[in-house]
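S.K.:
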Amino acid sequence: MKNGQEAIAEEESSILHVDMDAFFASIEQRNHPEYRGRPVVVGSPPDARGVVSTCSYEARKYGIHSAMPSRSASRLCPNAIFVRPDMALYLSVSEQIFSIFERYTPLVQGLSCDEAFLDVSGARLLFGDAVTIAKRIRSDLSNELQLTASVGVAKNLFLAKLASDLRKPNGLTVVPNDPEEIRRFLEPLSVTRIFGVGKTQAEFLRTHGILTIGDLQRTPLTHLQHWFGEHAATGLHALAFGRDTRKVEILREEKSISRETTFLEDTTELSEIRATLLFLADDVARRVRAAKRYAGTAHLKWRTGDFKTRTRQIPFSRAVSDTFSYREAALRLMDSLLHEERGLLKQEGCLRDPVRLIGFGVSHFCDTPPPSQQDLFASPASDAAVEKREALSHTLDQLRTQFGNSVHLGFSGKKSD
48 MKNGQEAIAE EESSILHVDM DAFFASIEQR NHPEYRGRPV VVGSPPDARG VVSTCSYEAR
108 KYGIHSAMPS RSASRLCPNA IFVRPDMALY LSVSEQIFSI FERYTPLVQG LSCDEAFLDV
168 SGARLLFGDA VTIAKRIRSD LSNELQLTAS VGVAKNLFLA KLASDLRKPN GLTVVPNDPE
228 EIRRFLEPLS VTRIFGVGKT QAEFLRTHGI LTIGDLQRTP LTHLQHWFGE HAATGLHALA
288 FGRDTRKVEI LREEKSISRE TTFLEDTTEL SEIRATLLFL ADDVARRVRA AKRYAGTAHL
348 KWRTGDFKTR TRQIPFSRAV SDTFSYREAA LRLMDSLLHE ERGLLKQEGC LRDPVRLIGF
408 GVSHFCDTPP PSQQDLFASP ASDAAVEKRE ALSHTLDQLR TQFGNSVHLG FSGKKSD
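Our numbering puts the sequence shown at residues 48 to 464.
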């Protein structure tokens with residue numbers, strides 16, 4: 048029998064969802080005081096083909112958003128400041144942010160470089176209740192990093208993540224604990240606030256008069272089962288009432304898996320460097336699969352004959368272990384480096400500064416492939432391409448075990464349309 052104090056503690060909110068505000072753009076505004084209060088767009092410049100990665104809240108007022116072509120963003124706001132992404136900087140700041148989270152709890156589940164779930168149930172005696180801890184974290188981020196975050200506080204992951212998005216930027220939203228109060232809290236919100244309800248599903252629900260979560264709460268479960276199937280309907284119905292049984296998951300990860308090589312003679316031939324980089328990506332992918340892991344970030348190391356070392360890194364859209372994704376990431380990183388530092392190229396296919404060493408690696412591991420950020424009712428076949436790549440890569444491993452390392456993919460690593 049649990050005593051009354053333990054029972055009350057279990058009913059308290061203990062989950063935080065911390066989401067940094069316009070993370071990349073905020074770092075640029077922090078580091079460049081002249082950008083503050085002005086529309087900042089992080090992404091490709093407007094005179095080049097490319098898209099917006101993210102933008103400041105000042106830019107969002109003009110209708111600019113991520114994945115928008117940079118040229119379109121420039122037309123919407125001609126005075127916007129365009130800044131190329133500096134992923135090394137952003138990931139470095141991300142590490143500082145997560146170190147602040149870990150002051151308060153070891154139960155931190157990173158969702159990306161700028162957001163995480165925290166279970167603070169074991170930290171109450173040290174730091175106070177979940178709301179107090181949320182305020183302390185926001186204060187630490189502001190005082191130490193000069194960055195703001197929006198935080199949701201709730202009794203489960205779904206509610207905490209939904210809450211963090213309600214008062215952006217620099218907001219703190221606390222969801223009540225009582226089931227009836229939770230129902231009323233959710234009732235007026237758009238049905239699109241439910242994770243997994245995308246445009247297609249929202250339009251379908253709209254045709255049936257379901258615009259808000261309250262409308263969904265009043266819809267018989269049998270109707271949802273008829274429309275979406277038993278599994279999806281049950282999940283949707285539970286979320287409409289704020290029920291979520293998931294727990295914060297700790298990703299036990301090694302720091303990185305990497306491979307690098309020093310050329311016998313410094314080389315200026317891009318074809319040789321490219322072939323070597325693909326070989327390294329193949330080897331890293333094989334080792335990741337052997338460890339039964341999936342990586343979220345790819346890294347490039349590039350050292351010239353004068354011993355100057357350059358590094359680049361990019362996140363995968365989802366954690367992967369397949370050779371195709373690693374090869375593509377390796378070549379994107381190299382292309383990005385050459386594009387950003389145009390002085391490295393002497394002419395097409397030839398470098399100005401000879402390369403001494405090249406390396407490729409991956410990090411941010413998880414033990415199982417995470418579900419992609421899809422619509423709740425999307426067909427499992429929508430992940431078929433990723434699953435096919437993983438399956439082909441495992442088949443390649445089996446063939447190499449049987450016939451030796453001479454077996455290789457007929458894949459150049461060129462970008463697909």
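Heads up, the beta-carbon is just placed ideally off N, CA and C, and yes, glycines get one too.
With 16 other CB atoms within 10 Å as the buried threshold, where does His411 fall?
M.R.: buried
S.K.: Spell out the partners DSSP gives His64 in its beta bridges.
M.R.: Phe164, Gly199
S.K.: Can you tell me which of Leu233, Gly84, Thr247 puts its alpha carbon nearest to the alpha carbon of Arg265?
M.R.: Leu233
S.K.: Looking at the strands, I want to know which residues DSSP matches up with Ala345.
M.R.: Ile361, Val409
S.K.: Can you tell me whether Asn203 is buried or exposed, with buried defined as 16 or more other CB within 10 angstroms of its CB?
M.R.: buried
S.K.: Look at Ala135 and Ser61 and say whether their C-beta atoms are less than 7 Å apart.
M.R.: no
S.K.: Between which two residues does the alpha helix (DSSP H) holding Leu173 run?
M.R.: 171 to 174
S.K.: Pull up the CB-CB distance for Pro86 and Ile128, whole angstroms please, since I reckon it's below 8 Å.
M.R.: 7 Å
S.K.: Just verifying my parser: in three-state terms, what is the DSSP assignment at Ser383?
M.R.: helix
S.K.: Whole angstroms are fine: how far does the CA of Thr344 sit from the CA of Ala328?
M.R.: 13 Å
S.K.: With hydrogens ignored, establish whether the beta-carbon of Arg336 is closer than 6 Å to any heavy atom of the ligand NAD.
M.R.: With respect to the ligand NAD, the structure shown offers nothing to examine, as it has no ligands at all.
S.K.: Grouping DSSP H, G and I as helix and E and B as strand, with all else coil, what is Pro93?
M.R.: coil
S.K.: To the nearest whole angstrom, what separates the beta carbons of Phe326 and Arg403, a pair I think is in contact under 8 Å?
M.R.: With 8 Å as the limit, Phe326 and Arg403 do not qualify as a contact, their Cβ atoms being about 17 Å apart.
S.K.: Using three-state DSSP, classify Pro401 as helix, strand or coil.
M.R.: strand
S.K.: Please give the ranges of any alpha helix (DSSP H) in the segment 209 to 284, keeping only runs that are unbroken, at least 4 residues long and fully inside the region.
M.R.: Counting only runs of 4 or more, we get 226 to 233, 246 to 254, 260 to 264, 268 to 275.
S.K.: Alpha carbons only, please: which of Arg350, Phe363, Leu63 is nearest the one belonging to Ala170?
M.R.: Closest by alpha carbon: Leu63.
S.K.: Whether or not the segment 111 to 122 and the segment 145 to 154 are in contact is what I'm after, with contact meaning three or more pairs of Cβ atoms, one per stretch, closer than 8 Å; do they touch?
M.R.: Not touching, per the Cβ criterion.
S.K.: Hey, how far is the Cα of Ser189 from the Cα of Thr195?
M.R.: So the two alpha carbons sit approximately 6 Å from each other.
S.K.: Would you list the residues sitting across from Gly157 in a DSSP beta bridge?
M.R.: Ala163
S.K.: If distances are taken between C-alpha atoms only, which option among Leu317, Val140, Ala322 comes closest to Thr351?
M.R.: In terms of CA proximity to Thr351, Leu317 leads the group Leu317, Val140, Ala322.
S.K.: Provide the residue(s) that pair with Glu307 in DSSP beta bridges, ordered along the chain.
M.R.: Gly406.
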